[in-house]
Amino acid sequence: MWLRDVALLACLDCRGQLVWHGQSEDDRLDEGRLLCGSCGETWEVADGLARLYREDRVQGTDRLMRHVYDGLPALHDPLTTVLTPLFQSVSESRMRDGYMRRLELGALKPRDDGQPVRVLEVGVGAGANLPRIRGALPPGLPVEVWGLDLSTGMLAQCEKRLRKGRGVKDTRLMVADAHALPFKDGLFDRVFHVGGIGSYRQPAVALREMARVARPGTPLVVVDEQLDAAFRPSLFQRAAFRALTFYTRDAKSPRALLPRNAEDVIEEQVSPFYYCLTFRVPAVTG
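Each number in my numbering corresponds to the 1-based position in the sequence shown with 10 added.
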């Protein structure tokens with residue numbers, strides 16, 4: 011994260027402006043703390059990675075799933091590539107293409123305020139979607155990609171992917187909680203999340219947070235497990251879906267939990283096991 015990025019952040023408790031206290035290297039945050047100028051709360055930055063969350067608020071299934079992901083960060087993406095066609099009779103690539111198109115990345119244009127276009131992935135994991143973001147963006151468009159996750163193991167894998175050039179060059183990673191996004195309102199031109207909201211302790215809160223940090227009218231895309239009602243799974247596939255959704259007995263789209271002002275809602279299956287929920291939030295009028 012760059013020094014100039016601090017101006018985009020907001021205190022988790024009071025939404026106050028954060029300021030940097032620490033060491034920087036070539037204008038990048040290195041070691042130190044982010045301090046709220048209003049309430050005085052602080053958050054650690056170590057080895058260039060900001061930790062903008064409260065550990066005591068990571069509870070229940072959030073804590074459980076973090077342990078799961080931290081335990082297999084290097085295996086997650088290879089297993090997804092192999093097991094997706096085995097379990098669902100559809101390739102991982104086709105499934106990802108099904109939801110990435112809903113972000114409408116090709117329609118992005120330079121902002122009137124001169125700021126770079128900003129894309130946020132909540133739960134970026136090992137960064138499997140980053141190459142697709144890069145491939146879908148209009149040529150020459152200045153873009154920042156922000157990726158956050160609670161699993162430092164998965165973020166380390168994502169960093170390796172970025173060092174290999176398999177993503178958007180201007181990418182920022184941080185440890186953060188989807189229930190309390192550390193950003194100012196209306197900051198991002200695209201917001202999406204894949205593969206975790208079904209295990210969140212308060213998915214409605216996370217959906218409100220994603221809507222809060224999105225610019226009015228932008229598509230917000232949420233993807234997670236739901237068994238397609240039109241699919242006729244074998245006993246093997248039914249067992250695989252149950253194992254995949256071990257964290258709940260009711261894996262389904264959170265459409266009923268969307269913010270009240272959500273509009274242009276589209277719910278669809280992008281594979282036998284995964285839904286894609288797209289919506290927009292209009293500008294608040296007086």
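Even glycine gets a Cβ: it sits at the ideal position worked out from N, Cα and C.
Quiz item: For the region 184-254, which segments carrying the alpha helix (DSSP H) assignment without a break, of at least 4 residues, lie completely within its bounds, in sequence order?
Solution: Taking only runs of at least 4 residues, the alpha helix (DSSP H) segments lying wholly in the region 184-254 are 213-223 and 245-254.
Self-check item: Residue span of the beta strand (DSSP E) that contains D37, given as start and end
Solution: Going by DSSP, D37 is part of no beta strand (DSSP E) at all; its letter is neither H nor E.
Quiz item: Looking at the structure shown, is L155 part of a helix, part of a strand, or coil, going by DSSP?
Solution: Reading off the sequence shown, one finds Val at residue 155, where the question assumed Leu. For V155, the three-state secondary structure derived from DSSP is strand.
Practice problem: Specify the secondary structure class of T288 as computed by DSSP and reduced to three states. | Solution: strand
Self-check item: Contacts around A190, its chain only, beta-carbon distance under 6 angstroms, and the 5 residues preceding and following it disregarded
Solution: L22
Exercise. Under 6 angstroms Cβ to Cβ from A293, same chain only, skipping five residues before and after it: list those, please.
Key: P226
Practice problem: Return helix, strand or coil for T258, following the three-state DSSP convention. | Solution: coil
Practice problem: Determine the contact status of V155 and L140, defining contact as a CB-CB distance below 9 angstroms. | Solution: Between V155 and L140, the C-beta gap is smaller than 9 angstroms, which places the two residues in contact.
Quiz prompt | Which listed residue (M184, D159, A249 and R176) has its alpha carbon closest to that of G58 | solution = M184
Exercise. Can you tell me which of the three DSSP states G47 falls into?
Key: coil
Quiz item: Are the beta-carbon atoms belonging to V223 and F202 less than 9 angstroms from one another?
Solution: no
Quiz item: Going along the chain, which unbroken runs of the beta strand (DSSP E) with 3 or more residues stay wholly within the region 50-128?
Solution: 52-56 and 59-62
Exercise. Note down the Cα distance separating V204 from D36, rounded to an integer number of angstroms.
Key: 33 angstroms
Self-check item: DSSP-derived helix/strand/coil call for L147
Solution: Residue state, collapsed to three classes: coil.
Self-check item: Nonlocal neighbours in the same chain, by C-beta distance under 7 angstroms from L151, ignoring five residues either side
Solution: L118, P120 and V127
Quiz prompt | Beta carbon of A266 nearer than 9 angstroms to that of E219 | solution = In this structure, A266 keeps its C-beta atom at 9 angstroms or more from the C-beta atom of E219.
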